[in-house]
Every structure is written in C-alpha cells, then in structure tokens.
Amino acid sequence: MFCLIDINNFYASCECVFRPDLVRKALIVLSSNDGCVIARSQEAKDLGISMGAPFFEIEHLIKRYKVNVFSSNFTLYGDMSRRFSEVVASFSEDLEIYSIDEIFLKVPSHEENLNGFGNRIRKTVFQYLGLPISIGFAPTKTLAKVANFFAKKDPVYGGVCVLETQKDISHALKILPVEEIWGVGRKLSLKLRGLGINFAKDLSEADPKWIRKIHSVVLEKTLRELQGIPCFSLETAPSSPKSIQVSRSFGRTLSKTEDIQVPLSSFLEQGALKLRKRGLFAFGLYFYLGVKTTKAGRLFFLSKFLVFPEGVQDPRLMVESVFKALPSIFKEGVFYKKAGILLINLKPQEAQLTLFSSQAPFKGSSDEKYKTLFKAVDRLSKKHGKRSLCLASSLSSYWEPKRKNMSPSYTTKWTDLPFVVIR
DNA sequence: TCTGGGGTCCTAGGACCC
DNA sequence: TCTGGGGTCCTAGGACCC
79 MFCLIDINNF YASCECVFRP DLVRKALIVL SSNDGCVIAR SQEAKDLGIS MGAPFFEIEH
139 LIKRYKVNVF SSNFTLYGDM SRRFSEVVAS FSEDLEIYSI DEIFLKVPSH EENLNGFGNR
199 IRKTVFQYLG LPISIGFAPT KTLAKVANFF AKKDPVYGGV CVLETQKDIS HALKILPVEE
259 IWGVGRKLSL KLRGLGINFA KDLSEADPKW IRKIHSVVLE KTLRELQGIP CFSLETAPSS
319 PKSIQVSRSF GRTLSKTEDI QVPLSSFLEQ GALKLRKRGL FAFGLYFYLG VKTTKAGRLF
379 FLSKFLVFPE GVQDPRLMVE SVFKALPSIF KEGVFYKKAG ILLINLKPQE AQLTLFSSQA
439 PFKGSSDEKY KTLFKAVDRL SKKHGKRSLC LASSLSSYWE PKRKNMSPSY TTKWTDLPFV
499 VIR
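Position one of the first sequence corresponds to residue 79 (the working numbering), numbered consecutively onward.
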C-alpha cells in the first residue's frame, strides 16, 4: 500500500504556525513583488479568492473581509518542509519526497490498521510542527492521490482516507471529475471530456491501447494505476537536478543595459551557489528576457544559449560570458518585464580535456579521405556539445590475417592535416 | 497600472545511418 | 527505370506537476 501525505494550504499554514492568532482566519500569501495569490487558507478560499488571482483584482475582497496578507517567505517554507520530511521519515524508511509539501510513503508491512497509522502520523506532525495534514492510502500512487483528495475535501474522513477494497475504489472513481486525476491537466481534461470521459471511472474503464494511441503512454499508465496496477514506483533516491533556474519578474519595466545586468548577475550568483551546493558543473546556460506583448499579461521571451565545453561553476565566468552576449538579445528602447537564467547539462565533475575518437571506413582518393574526416568531426561535435576541436587524425590500413587463429591487424599512420577543424 | 517561480517528461518530425 | 525497412538521435513545442 502507498500513502500520500500532504500539508493542507502549505504556505498559509506555515505563516499560521508563527501567528496562531490567525488560525481559522482568512489569510493569503502573495508571489514575489506581491503580484498575485499563491496560497490561501481555507477561509480565504471560501471568500472566493482564487489561486493565481492578481492582487489588484481581489483587493476589494481583502478590504471588505479584512483578509490577512503575507508576502512569500520561501526560506521559511523550505525549512518547514525539511522538518516535515524528518518527522515523516520516522514512520517508514521507504519514502519519496515528491514536492515541497507532499511525501509518498510505502506502508510498513506490520501496519495493519491504516486508519490508525494515518492518525498517528497526523497527530505527530501536528504536535512537532503545528501543521495540518491530509493522508490518503491506496494500492497505487495515483489512487493514493485520489484518496488524499477525498481526505482533504470531505470532512467525514477526518483527514485520513483509505481506498483499499474494490468497492471503495470504484465508488471514489465514480465521483472524481477527470480533471482531478494526477497527470490530467487542463488541456487533457478538455480532450477527454470531448470523448465522453468525464469521471475517473470512465478513464479506468477505457481501452488502454486506445488511450495510448490517442494520447500517450503516460496516460495509459495512469489508467492502469486507477485499475489498481502499480506503474509508478516510489522514487526513494533523491535525484540530481537536470536543470537549475533562477528568474524574477521585475515589478516594473527596465530598459537600460545596466538595469538588466544587475538582476542577471544576481541570478547567476544564486545559480552558481546552487551548483556548488550540489557539486555540479553547468555545461550550458540560457539567459532570457521577457517583453510585454500587446496581449494582456503575455510575455514574449528572447533567449540566448551559451555553451561551456569545460563546465562552469564560477559565477564570475558566467557573468562575463552573459554580459558579452547580452547585446545579441537586448535592444535599447524596449521595456523588459522579466529575466532569468537556466543552467543545463549539469554534471558532477569539471570536464577534463578529453580525447574522443571516431572511426569511419573509406576507400579511395584523398578528397574522400578529408570528406570522411570532416564527417567524423561533425559527428563528434554534435555528440559532445557542438563544439570540438579536431586535434589529430589517423589513417589505418587493415590487414587480413595470414593464418587461422590470428586476429586481423591494423597499421596506423597519423595524417598530416592541412588545417585544424573547429566546429 | 498592477498577473510567480521552478521543475520534468513526452511526442512528432526531420536528419541521418545502414 | 524500379525505389525498403528499420533504426537512432536531435530539437521544438507542448503538457504536466508543485
């Protein structure tokens, strides 16, 4: 059995821990620049304040109902999240930290009373951290998400919902709207509804092969998970990130080079810090600027990609390269709203000078020889980050073995390259 | 006027190879 | 003149998650 533990209204609940007087009051947390709503207490949700709503649009509600407003404090939330996982880890060794406020758990085999187990976790987390949580139990991760949904929405469960029997599962799927399924987003739910799949039950009863054909293998897995067949396993080992991003909206428009350089270098500094903390080097980096378009709220992004064939971790080096390349996307007189950097191709060690080799057979003239070599360099360049240097090349002749049991042999001669090839 | 920030993964289609 | 079939790799774009 899987179990999904989720903190209710996480950011809002974190703020309440330090302001107990605000428990059971309407409270919201705003994004950076206090632009829009990113978390709401239950009472704020009940007032009709929606997720992601721009602050100016709900200002009248804030005033009328005296809603408590907080700017976000991600350092605090990150710290609470870490403590949350420490407490939960004392209940089971097999756990996956899925997000800042969610943890998947494999239920230890000796736990027979799931409701009791769930209530013990709830009590402990509240006692140690003051955070309210919801818990869902089920045979697959997707179904545990479903169980968690009901544990949170329906007060009859008291925060713990167990979906174990076929009857309970079937009943839950019958009333769960398709867009509430884990992995089914806005677009997909519209598509599914168009096909007459309105509830989770409909998806679970569809033909898996057909679902794969009309959408993807992932949705097929989701379908099987709804049937109780586990397709997504617990990812217990914390994985190394594949990209690191730092970005911000400015809150006002910027149009001078120097004004853009300040946030960019700060982002690179923060990105580099994250790299160092994890012992990673970036072999590529994007930086981008967002310009407001005529369409309300829409941004258009200009970006530039830089390659670091030997890997970077040093922020000064990154800043230098980015500033140098900035004019290629920056224009005087344009008003920028947002900027960011994205570090990719992250690897644990600084690259050594590596020699790559490639072999390609050919017969014939000297022209063909160079053609073959160019091709080999091209292939290597593509394979190893689009920039490589052809330092040397050799030609080998092949000799048939003269006797049985003898391996074929090669003689190698280094060629005189007329020039060095840089790609 | 004012609209977040940080991730992952899949697919389609083209280029290329044998 | 006839013109297969199977594979890999890469990229852009889209969708999803919190």
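Heads up, the beta-carbon is just placed ideally off N, CA and C, and yes, glycines get one too.
In the DSSP assignment, find the beta strand (DSSP E) that holds residue i and state where it starts and stops.
i           : result
residue 331 : 322–332
residue 261 : Where residue 261 is concerned, there is no enclosing beta strand (DSSP E), given that its DSSP letter is neither H nor E.
residue 235 : No beta strand (DSSP E) holds residue 235; DSSP gives it neither H nor E.
residue 387 : 377–390
Taking the alpha carbon of residue i as the reference point, which residue from the options has its own alpha carbon closest?
i           : options               : result
residue 331 : 261, 415 and 381      : 415
residue 129 : 151, 141 and 105      : 105
residue 197 : 112, 366 and 83       : 83
residue 193 : 161, 132 and 226      : 226
residue 57  : 108, 379, 151 and 114 : There is no way to answer for residue 57, as the model of the chain reaches only from 79 to 501.
residue 252 : 214, 200, 294 and 305 : 305
residue 383 : 233, 108 and 367      : 367
residue 309 : 320, 321, 295 and 318 : 295
residue 124 : 103, 133, 113 and 114 : 103
residue 131 : 149, 141 and 108      : 108
residue 311 : 217, 189, 141 and 154 : 217
residue 357 : 188, 370, 320 and 410 : 320
residue 154 : 337, 175 and 89       : 89
residue 199 : 236, 265, 339 and 113 : 236
To which residues of the same chain is residue i closer than 6 Å at the C-beta, ignoring the five residues directly before and after it?
i           : result
residue 183 : 81, 170 and 173
residue 341 : 417
residue 362 : 385, 422 and 423
residue 430 : Interpretation of residue 430 is limited by its pLDDT of 44, a score under 50 that renders its predicted location unreliable; the figure taken from the coordinates is listed afterwards. The answer is none, since no qualifying residue turns up.
residue 136 : 127
residue 333 : 413
residue 264 : none
residue 480 : Any reading at residue 480 needs caution, since the residue's pLDDT is 36, under 50, leaving its predicted position unreliable; the model's value is listed next. Result list for residue 480: empty, nothing under 6 Å.
Give me the Cβ distance between residue i and residue j, rounded to the nearest whole Å; I'm assuming they're in contact under 8 Å.
i           : j           : result
residue 260 : residue 230 : About 14 Å separates the two Cβ atoms, so there is no contact after all.
residue 301 : residue 292 : About 12 Å; that fails the 8 Å criterion.
residue 359 : residue 389 : 3 Å
residue 316 : residue 298 : Incorrect: roughly 28 Å between the Cβ atoms, too far for contact.
residue 179 : residue 159 : 7 Å
residue 203 : residue 181 : Not a contact, Cβ separation roughly 10 Å.
residue 303 : residue 219 : 7 Å
residue 335 : residue 380 : Actually they are not in contact, since the Cβ atoms of residue 335 and residue 380 sit about 14 Å apart, beyond 8 Å.
residue 133 : residue 115 : 7 Å
Can you give me the start and stop residues for the alpha helix (DSSP H) that residue i sits inside?
i           : result
residue 84  : Counting along the chain, residue 84 falls outside any alpha helix (DSSP H), though it belongs to the beta strand (DSSP E) covering 80–85.
residue 224 : 219–231
residue 167 : 152–167
residue 251 : 244–253
residue 198 : 192–207
residue 295 : 295–304
residue 350 : 335–356
Excluding the five sequence neighbours on either side, which residues of its own chain have a C-beta within less than 7 Å of the C-beta of residue i, listed in chain order?
i           : result
residue 86  : 210, 211, 212 and 230
residue 91  : 85, 209 and 210
residue 271 : 256
residue 111 : 327 and 329
residue 432 : For residue 432, the predicted structure reports a pLDDT of 44, less than 50, and the residue's modelled location is therefore unreliable. The matter cannot be settled from this model.
residue 469 : Confidence is the limiting factor: at residue 469 the pLDDT is only 44, short of 50, which leaves the residue's position unreliable, though a coordinate-based value still follows. Counting only Cβ-Cβ distances below 7 Å, and skipping sequence neighbours, we find nothing.
For residue i, I'd like the list of residues in its chain whose CB is within less than 8 Å of its CB, leaving aside the five on either flank, ordered along the chain.
i           : result
residue 161 : 206 and 207
residue 101 : 94
residue 242 : 79, 192, 215, 216 and 217
For this session: State whether the stretch 113–131 contacts the stretch 143–153, with contact taken as three or more CB pairs (one from each stretch) at a distance under 8 Å.
Result: yes
Exercise. Does the stretch 336–355 come close enough to the stretch 386–394 that 3 or more CB-CB pairs lie under 8 Å?
Worked result: yes
Problem set entry | Contact between the stretch 420–427 and the stretch 349–362 (3+ Cβ pairs under 8 Å) | yes
Exercise. Can we say the stretch 311–330 touches the stretch 399–416, given the rule of at least three CB pairs closer than 8 Å?
Worked result: yes
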